[in-house]
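Residue numbers (full-length UniProt numbering), protein chains in the order written: chain A, 1 to 206; chain B, 1 to 206.
Think of the CB as a built atom: it goes at the ideal place given N, C-alpha and C, for glycine as much as any other residue.
There are 2 protein chains.
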Amino acid sequence: MTSRRNVEDAVLDAARACVEAFGIRRTTLTDVARRAGVSRPTVYRRWPDATALVADLLTRELLALLDRADDTGGDGGDGDGGAEGARTARGRLTAQAEGLMREALHHPLLTRIIDHEPETMAVYAFQRLGTSQFAALDLLRSGIEDGQVDGSIRDGDAEGMARIVLLSVQSLMTSRRLTEDVLDEDALVAEARRVLDGYLAPEGGR
Amino acid sequence: MTSRRNVEDAVLDAARACVEAFGIRRTTLTDVARRAGVSRPTVYRRWPDATALVADLLTRELLALLDRADDTGGDGGDGDGGAEGARTARGRLTAQAEGLMREALHHPLLTRIIDHEPETMAVYAFQRLGTSQFAALDLLRSGIEDGQVDGSIRDGDAEGMARIVLLSVQSLMTSRRLTEDVLDEDALVAEARRVLDGYLAPEGGR
């Protein structure tokens, strides 16, 4: 078990290094196998091509981002997270979104893909939800339900609201290049917070 | 003058018909010239390749959508647009956004591109603003400034706020496939309204 898991992680680490160095289009499974120190069949057995490998890599990286966001925001119930409203479920949710956005904006793999190979993101922006988006939706839905219980989030279908929150955060995060001439990172994150707070707050509840 | 304009529009009309029938990748300048009833050099003189032609076509179609949205929303100052808040600049702006979204969701060219060739949209979602996005920003900025005068929109840098509104509407509009299992068209448009109203309203002003 350990070795199988280790090999998979080693291959994904090697894939990340290759993509960060050369880009997705110029990364081959042979390069990745060499860098990971495993045989080519070991890689081919698990991934038919580089596209499938990069998809799994992106999923792993995004799930790790989500995990860290969940840890920070989720533990912030005592209000020590710096966010004025972290004692409420809405405060925790917006703090998690903010933490995730800040990390994503500096993530070498994500920024490389957005800047140089944005067509990789197109499927998950326009056509269908991917694994990490479903994981984000689970977190968001339960955060929204918590907020509907503690009164910090308005009533409404939690799944529908989670979709809107996911797409809003994802869009502002991945379109960094379309706002950076007028909004620096702090300003962008502050505006994202306003979007979420305005959308989620009960009428008159901000 | 008239003939030059007419030729250009005829070529763009032919390009739209080709793309709607065959997709961007399978549309050639030769097909377009034949369908428009003009010579190939006439087309090649103006557009180096099909990608450039489709970019101009998309710009024309999106500017037409914006024009119609501006007409309806802009004239709605007497509140006859059906939106409860159309007497305010914020009401007009959200009514325009709603009208534009509804039209875009049924636009044959746009829906075809989003469903089948989303990589065409990737540049304008992740990398840089295009001509029609700048035109939308002009409309949004002046609507936001009007709202800051009539008190229906909170204070803040109008250009930064216009970017956030543009990206929010664009994202919800183009990611239709990622929400349609839980939000039908009316529900999606209603949620987009909540996003904009919540983001633009002064504190306690909804």
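- Taking C-beta atoms as the reference points, A/Pro118 and B/Gln170 fail to come closer than 8 Å.
- Between the alpha carbons of A/Leu140 and B/Ser3 lies a distance of about 56 Å.
- Contact with chain A is absent for B/Tyr44, since none of that chain's Cβ atoms lies less than 8 Å from the residue's Cβ.
- In this structure, B/Leu166 lies near B/Gln133, with their beta-carbon atoms less than 8 Å apart.
- Collapsing the DSSP output to three states places B/Ala201 in coil.
- From the beta-carbon of A/Pro118, the residues of chain B found nearer than 9 Å are Glu119, Ala122, Val123, Ala125, Phe126, Gln127.
- Under the criterion of beta carbons closer than 8 Å, B/Gly160 and A/Glu191 qualify as touching, at roughly 7 Å.
- Taking the Cα positions, B/Leu62 is about 27 Å away from B/Gly156.
- By the C-beta density criterion, B/Tyr44 is exposed, having fewer than 16 other C-beta atoms within 10 angstroms.
- Residues of the stretch 181–198 of chain A with a C-beta atom less than 7 Å from some C-beta of chain B are Val182, Leu183, Ala187, Glu191, Arg194, Val195, Gly198, listed in chain order.
- The beta carbon of B/Thr94 sits no closer than 8 Å to any beta carbon of chain A.
- Taking a contact to require three or more Cβ pairs closer than 8 Å, the stretch 5–13 of chain A and the stretch 28–47 of chain A qualify as touching.
- Listed along the chain, the chain A residues whose CB falls inside 8 Å of the CB of B/Glu159 are Val182.
- B/Thr174 places its beta carbon less than 8 Å from that of B/Met121.
- Under the DSSP assignment, B/Arg154 falls outside any alpha helix (DSSP H); it carries neither an H nor an E label.
- What B/Ser168 touches in chain A, judged by beta-carbon distance under 9 Å, is Leu167, Ser168, Ser171, Leu172, Val195, going in chain order.
- In this model, A/Arg112 and A/Asp186 are separated by some 21 Å (Cα to Cα).
- B/Ile24 has a beta carbon lying at 8 Å or more from every beta carbon in chain A.
- With contacts defined by Cβ atoms closer than 8 Å, A/Ala136 and A/Leu196 do not form a contacting pair.
- Taking CB atoms only, B/Thr131 has no neighbour in chain A less than 8 Å away.
- Residue state for A/His106 is assigned as coil, using DSSP reduced to three classes.
- If you draw a 10 Å sphere on the C-beta of B/Arg92, you find 16 or more other C-beta atoms in it, and that means buried.
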